[in-house]
Amino acid sequence: MPITEFRQALNQALEEEMIRDEKVYIMGEEVAEYNGAYKVTKGLLDKFGEKRVRDTPITEAGFTGLGIGSAMMGLRPVVEYMSWNFSLVAIDQIISNAAKMYYMTGGQFSVPIVMRGASGAAAQVSCQHSHNLESFYAHIPGLIVMAPSTPYDAKGLLKAAIRNDNPVIFLENEMLYGDMGEVPEEEYLIEIGKGDIKREGTDVTICAHLRQVGFALEAAEILAKEGISAEVVDPRTIKPLDIDLIADSVRKTKRLVVAEEGHKFCGFGSEVSALIHEMCFDDLDHPVIRVSQGENPLPYAKNIEAASLPDVQDIVAAAKKSLYK
Amino acid sequence: MPITEFRQALNQALEEEMIRDEKVYIMGEEVAEYNGAYKVTKGLLDKFGEKRVRDTPITEAGFTGLGIGSAMMGLRPVVEYMSWNFSLVAIDQIISNAAKMYYMTGGQFSVPIVMRGASGAAAQVSCQHSHNLESFYAHIPGLIVMAPSTPYDAKGLLKAAIRNDNPVIFLENEMLYGDMGEVPEEEYLIEIGKGDIKREGTDVTICAHLRQVGFALEAAEILAKEGISAEVVDPRTIKPLDIDLIADSVRKTKRLVVAEEGHKFCGFGSEVSALIHEMCFDDLDHPVIRVSQGENPLPYAKNIEAASLPDVQDIVAAAKKSLYK
Amino acid sequence: MKNIGKEKALQMLEQMIRVRRFEEGCLKSYQQKFITGFCHTYIGQEAVAVGAMAHLTPTDAYITSYRCHAQGLIGGLTSREVMAEMFGKITGCVRGKGGSMHVFSKKNNYLGGHGIVGGQIPIGLGAAFALKYEEKEGVALTFFGDGASMQGTFHESLNLASLWDVPVIFICENNQYGMGTANDRALANPQVSDFAAAYKMKGYEVDGMNLESSYKAFGEIIADCKKNSRPALVNVTTYRYQGHSVSDAGLYRTKDEVKCWKEKDPINSFYKSMEEQGWIDEEGYKALDKEMKAEVKDALEFAKESPWPPMDELTNHVYA
Amino acid sequence: MKNIGKEKALQMLEQMIRVRRFEEGCLKSYQQKFITGFCHTYIGQEAVAVGAMAHLTPTDAYITSYRCHAQGLIGGLTSREVMAEMFGKITGCVRGKGGSMHVFSKKNNYLGGHGIVGGQIPIGLGAAFALKYEEKEGVALTFFGDGASMQGTFHESLNLASLWDVPVIFICENNQYGMGTANDRALANPQVSDFAAAYKMKGYEVDGMNLESSYKAFGEIIADCKKNSRPALVNVTTYRYQGHSVSDAGLYRTKDEVKCWKEKDPINSFYKSMEEQGWIDEEGYKALDKEMKAEVKDALEFAKESPWPPMDELTNHVYA
Ligand SMILES: Cc1ncc(C[n+]2csc(CCOP(=O)(O)OP(=O)(O)O)c2C)c(N)n1
Ligand SMILES: Cc1ncc(C[n+]2csc(CCOP(=O)(O)OP(=O)(O)O)c2C)c(N)n1
Ligand SMILES: [Mg+2]
Ligand SMILES: [Mg+2]
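Protein chains in written order, with the numbering used here: chain A, 1 to 325; chain B, 1 to 325; chain C, 1 to 320; chain D, 1 to 320.
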């Protein structure tokens, strides 16, 4: 299988779906002439022209609403937020309109829109530029939330997202764009709502998504050296959530660490923790442990930024703690 | 003690604080000449004049930002959202600016702003008008989130909110505005972050806020008739959360039901559930049970709206379930 | 009137009366607690939507705020379908899920009834964008209130529309108030068409109390928009007779003011003009009115008798 | 030049050179990885902030976007304080918590450096509102980019400012691009001052490459704003020499274009005018430049040697 860069996998997904379906178009800041702030849309303007690859003004509410309206009329927009931080100025469009439209119209108007972009902390971009919004969007019925960790998953999920008739929140991470991974040449889709065991193990389950998957795998290596066998479960989609996959793993390992980059309070980890306690109460040998960002805005300075973000060592420590080690 | 209407208790808090401090002013849609969409600000224009009680255009992002800027300069705005649903168009101001300002400026600029208004479902106002945003705002470090259930708590908390130097999210509920309760004539404040036992009991703890407190108390009555003694804990502030009070109760009763009006996934109930499992794992005789709204946008039609919203019977059923009954 | 012609005039008169009687039916049913939640009527503003929508073809789209019954009825929904929605019945146009604020009709390209002030503006823009993308000859009428015109979405949408040559017509139904706030207490400049020039689009002032003017103006505006694929901004002067919603007592305006506007009543004045043309007489008017009343009565019956949504409707349509 | 006077001219020249040398220091330090994250320089735009802020009194407030080093330095922060912030050190103006995009100074009424495009506009409005509320004679200068001018917050803020007679001056630093997008690909009308009239406020076009013009124009605008407590919208034509941020290669514009603008260099042209007045000569200029370079060098040393924030800084200042 060809080894492909994460951003290139996304780019392939966009290109293939644009070839397949004329109704798919791309819109966002710097996606066309500039080839994307993070080069995810590189070359697409040249291939598909101005009609289908469109640079927007810096007006997220406006172009998100435009996308929603066009989706109601049958188009399939892929909207890029340069980063998900900027979706906050458009969140009313996403929640009040995109998420609720199909329901509110009694099933008349579906909104097949994909909103994608970089999510979470990058490298020292400070607190207005480092939001993890998983828990916001996953809280709202009507939205699908994806958070792939590998080029393979990213491509398969993005293609599935574009073909899906619901609004999809597609979270990427700047620190992953350069990651390399196997991506097959033949076409494939990933089923929405299906998680993936990224590493098998028997002693403790680590649930992680996006960048934390890599950290979890590193942690598993370290733990292995200490004789602890960790299973890494990547839900891939935050909503719908493949909780059964996580629960099955927990029933085997009796322990769960949920690692996420975002804040803890009412975060995604809270949900996984609550669900697993509900489903596996009698199986658990230790309460679920949440690993997440400090309960402070993310600062700029390297040392305290690093201290605030969850990392491999935090996961290792949590896994050991779950084993009372 | 005088029996006072909920909205009147809020009104008293506003009036008293405006008398005490000239820097306090009120701003929002219809708060002045119309006396407030729900009459919370009734009479204040007459008492304090146009300078301090201001009707705004329907531009929540604009006037929220204005409030934040004025707070950075030392004023103490109280911003009313006619309902919290409309805060979604202003949420970037609340999160990127109000919540992070003190931190991002290294402690230079605090933002003493109170944002208040009706939250959650009213009576059949459909899905764009029925948001519960507790979990959004509580997720963000830098914000305080209050959710009082009685006139007494509402007044004491609102006064504390206005005197506090941080941005405060103050959640009310349309269905509570007409509730009556004791409110002392002498001045009092309620400590931020201190919950309250609304009813003592020994068999099961019910954690509830806002309108769910009343439901929980009704449920406790019903349970009492069946010989089950329920303790009702009202955190009053969602953040900071008096988790110790809840945990102490759970250590006594061994069971917890968390009732909230909002959605379940990544909701406030998830957080309480996760925390209590972390803190009281060995005390619990049953996993924490979450009672919440259905995972669908809230519909208009009375019958299905009612079916979607959590009510007294849902709490009763959950409490019994926690007792394996 | 000549340009309108008798047939079209009769049709539009009927539409205006239908809307008015329908809204009156809503008011009554609200008092009787058949309708709950919020309920915003269009009484007084009929000539705006009727005059504008008279020029639409089946390709065109339209969208508005929560004050959305009229557009539904004018665009082709039956009184039964809309009234049943008010009542929250499964026979309603959105299966009882939306209620008064969320009338939609996919078959008529009616992108609905929206509750967040200003929230529908970019969606209307997007509908027009889609028409252009698919190379269909069509426009999207995007209705909103004076109060909505100062929301950020207005600015962002007008800029995008002009920049991308989107065939959307922004229609500010300037009914003088946003809830209890007179437009000059909320808008630095209540003559909203003044904003058009800055975006390099055409701006129009239209008398929305007079169907003849409204019909004529929108005819030209829509034709121009289709021909040149350029957006336009229209400020329509109008007035709502009732409170903002059913629960609004309307204490912020004087009886005299209301009376003054009612003297310009769009139905009455259009009827008079038709009478002058000899296209209708009192008897004909009464017959028409009676017909509309009967239609609304039937719709009310239908709504009352229709079943509630079944329980599985609660979880249907969360995802497509 | 006469109106400026020698002393003020020298002071402003110094400020422009300080800003330029400071930003050059940032660029170098970014390449050396002392500065990380985003970093946006002000090179080429110096005459805008210097000309506008020259008229401020200690009561006045000001605010801008992430392109915020210049306003900090001009307003009274030392090069050391700002540079240490770039480096993320505890001696930085916001204790290393903000970095390049978040320079603030409470003692100077500098409401900072904001990362969300357009997000600072209503905050600047609020600062001016507070001045008026407290009956202080003051204005708030609210800087933002051409790209920001189409955000919803622009519209909402201008309306509120005009409606409430708030003494705020909205300054669009129209440097021709929002990142890689030329202003005519993002704005239906790049002459942003055209928007003023719709809000019934005064609009101005100012040449931001020329300090003399900028100084003169802002002198009048600020005086008028203070006198009448009325907002104004100023579109300032300017240009950034560097990429949008340090990581931008700037492929979207030609070398010729950049060269063309550099010929109007604000520092050079102002120096020439001063020379004509006999207020400075080449030697004097060189000495001043040397002084500024030394100051920046010192600031870099200081930043390098300053300690990182202690660990408890992480959890400090979450709540006041
Ligand atoms: C963003 C937002 N803020 C506030 C409200 C509450 N609200 C509903 S209608 C309304 C007045 C709107 O006035 P206008 O736009 O003039 O429309 P009209 O009702 O006059 O048709 C307000 C404030 C809302 N629905 N959405
Ligand atoms: C709401 C939002 N959207 C997108 C961005 C990413 N972004 C940062 S700066 C910028 C360009 C801004 O251009 P302009 O306003 O002209 O200011 P300039 O950089 O030219 O000074 C963009 C798109 C952001 N920070 N905030
Ligand atoms: Mg109105
Ligand atoms: Mg620019």
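C-beta: ideal position from N, C-alpha, C; glycine also. All of these numbers come straight from a predicted model, not from anything done at the bench.
Chain C contact residues for residue i, given Cβ-Cβ distances below 7 Å
{"i": "Val125(B)", "result": "Gly37 and Phe38"}
{"i": "His129(B)", "result": "Gly115"}
Selected residue, minimal CA-CA separation from residue i, among the options
{"i": "Leu350(A)", "options": "Leu111(C), Asp256(C) and His40(C)", "result": "Outside the modelled stretch of chain A, which goes from 1 to 325, sits residue 350(A), for which no answer is possible."}
{"i": "Ser157(A)", "options": "Pro235(A), Tyr300(A), Glu174(A) and Cys127(A)", "result": "Strictly speaking, residue 157(A) in this sequence is Leu, with Ser absent from that position. Of Pro235(A), Tyr300(A), Glu174(A) and Cys127(A), the residue nearest in Cα terms is Pro235(A)."}
{"i": "Val213(A)", "options": "Glu182(A), Leu176(A), Met82(A) and Pro167(A)", "result": "Leu176(A)"}
{"i": "Ser149(D)", "options": "Tyr66(D), Arg18(D), Ser193(D) and Glu135(D)", "result": "Ser193(D)"}
{"i": "Ser322(B)", "options": "Leu256(B), Pro167(B) and Pro112(B)", "result": "Leu256(B)"}
{"i": "Ala188(C)", "options": "Gly36(B), Ile144(B) and Ile58(B)", "result": "Ile58(B)"}
{"i": "Gly62(A)", "options": "Ala90(A), Asp55(A), Leu75(A) and Thr41(A)", "result": "Ala90(A)"}
{"i": "Ala299(D)", "options": "His40(D), Glu156(D), Arg21(D) and Lys6(D)", "result": "Arg21(D)"}
{"i": "Val139(D)", "options": "Ser29(D), Thr59(D), Phe34(D) and Ile280(D)", "result": "Thr59(D)"}
{"i": "Val233(A)", "options": "Leu223(A), Leu217(A), Val114(A) and Glu191(A)", "result": "Leu217(A)"}
{"i": "His292(C)", "options": "Lys6(C), Gly5(C), Asn3(C) and Leu10(C)", "result": "Note on residue identity: the sequence assigns Met, not His, to residue 292(C). Among Lys6(C), Gly5(C), Asn3(C) and Leu10(C), the Cα nearest to that of Met292(C) is on Leu10(C)."}
{"i": "Ala138(A)", "options": "Met73(A), Leu241(A) and Asn173(A)", "result": "Leu241(A)"}
{"i": "Asp285(A)", "options": "Ser87(A), Met27(A), Asp46(A) and Val250(A)", "result": "Val250(A)"}
{"i": "Gly152(D)", "options": "Tyr241(C), Gly118(C), Ile171(C) and His40(C)", "result": "Gly118(C)"}
{"i": "Gly208(D)", "options": "Arg185(D), Tyr285(D), Ala186(D) and Gln176(D)", "result": "Gln176(D)"}
{"i": "Leu251(C)", "options": "Ala182(C), Gly126(C) and Glu14(C)", "result": "Ala182(C)"}
{"i": "Glu14(D)", "options": "Ile267(D), Cys172(D) and Phe195(D)", "result": "Ile267(D)"}
{"i": "Cys39(D)", "options": "Gln45(D), Ala47(D) and Tyr30(D)", "result": "Tyr30(D)"}
{"i": "Met104(B)", "options": "Glu137(D), Leu233(D), Val94(D) and Ile4(D)", "result": "Val94(D)"}
Residue i: contacting residues in chain D (beta-carbon distance under 7 Å)
{"i": "Ala188(C)", "result": "Asn159, Ser162, Leu163, Tyr199 and Lys200"}
{"i": "Leu75(B)", "result": "Ala130 and Tyr133"}
{"i": "His114(C)", "result": "Ordered by position in chain D, no residue passes the 7 Å Cβ test against His114(C), which lies about 16 Å from the chain."}
Paired residues, beta bridge with residue i - DSSP
{"i": "Val79(A)", "result": "Met27(A) and Met115(A)"}
{"i": "Gly233(C)", "result": "Residue 233(C) is actually Leu in this sequence, not Gly. Leu233(C) pairs with Phe170(C) and Gly203(C)."}
{"i": "Ile58(B)", "result": "Paired residues: none, contrary to the question."}
{"i": "Arg199(A)", "result": "Val232(A)"}
{"i": "Gly145(C)", "result": "Glu173(C)"}
{"i": "Met146(A)", "result": "Phe170(A) and Thr237(A)"}
{"i": "Glu212(D)", "result": "Bridge partners of Glu212(D): none, in fact."}
Contact set between residue i and chain A, taken where Cβ atoms lie within less than 9 Å
{"i": "Ala240(D)", "result": "Inspection of the sequence shows that residue 240(D) is occupied by Arg rather than by Ala. Under the 9 Å cutoff, chain A gives no residues; its nearest Cβ is about 16 Å from Arg240(D)."}
Where residue i meets chain B, residues with beta-carbon distance less than 8 Å
{"i": "Ile169(A)", "result": "Within chain B, no residue comes near Ile169(A); the closest Cβ sits about 13 Å away, beyond 8 Å."}
For residue j and residue i, believed in contact at Cβ under 8 Å, the rounded distance
{"i": "Pro287(B)", "j": "Phe136(A)", "result": "Not really, about 26 Å apart at Cβ, beyond 8 Å."}
{"i": "Leu211(C)", "j": "Ile169(C)", "result": "Wrong, their Cβ atoms sit about 18 Å apart, outside the cutoff."}
{"i": "Pro299(A)", "j": "Leu314(D)", "result": "7 Å"}
{"i": "Ile121(D)", "j": "Ser157(D)", "result": "5 Å"}
{"i": "Cys266(B)", "j": "Phe48(A)", "result": "The pair is not a contact, with the Cβ atoms about 36 Å apart (cut-off 8 Å)."}
Proximal chain D residues relative to residue i, where beta-carbon distance stays under 9 Å
{"i": "Ile68(B)", "result": "Pro122, Ile123 and Gly126"}
Contacts that residue i makes with chain D (C-beta to C-beta distance below 8 Å)
{"i": "Asp194(C)", "result": "Ala197 and Ala198"}
{"i": "Lys51(B)", "result": "Tyr133"}
Interface partners of residue i on chain A, CB under 8 Å
{"i": "Arg253(D)", "result": "Neighbours of Arg253(D) on chain A: none; closest Cβ ~11 Å, over 8 Å."}
Interface partners of residue i on chain A, CB under 7 Å
{"i": "Gly98(D)", "result": "Ser126 and Tyr300"}
Partner residues on chain B for residue i, Cβ-Cβ distance less than 9 Å
{"i": "Gly88(C)", "result": "Gln124, Pro299, Tyr300, Ala301, Lys302, Asn303, Ile304 and Glu305"}
{"i": "Glu278(A)", "result": "Ser273, Pro287, Val288, Ile289 and Arg290"}
Amino acids of chain C, ordered along the chain, whose beta-carbon sits closer than 8 Å to that of residue i
{"i": "Gly294(B)", "result": "Leu314 and Thr315"}
Partner residues on chain B for residue i, Cβ-Cβ distance less than 7 Å
{"i": "Glu271(A)", "result": "Phe265, Cys266 and Ser270"}
{"i": "Val82(C)", "result": "Residues of chain B passing the Cβ test: none, with the nearest at roughly 13 Å."}
**Prompt:** So which residues put a beta carbon under 6 Å from any heavy atom of ligand 4, going in chain order?
**Reply:** Gly145(D), Asp146(D), Gly147(D), Asn175(D), Tyr177(D) and Gly178(D)
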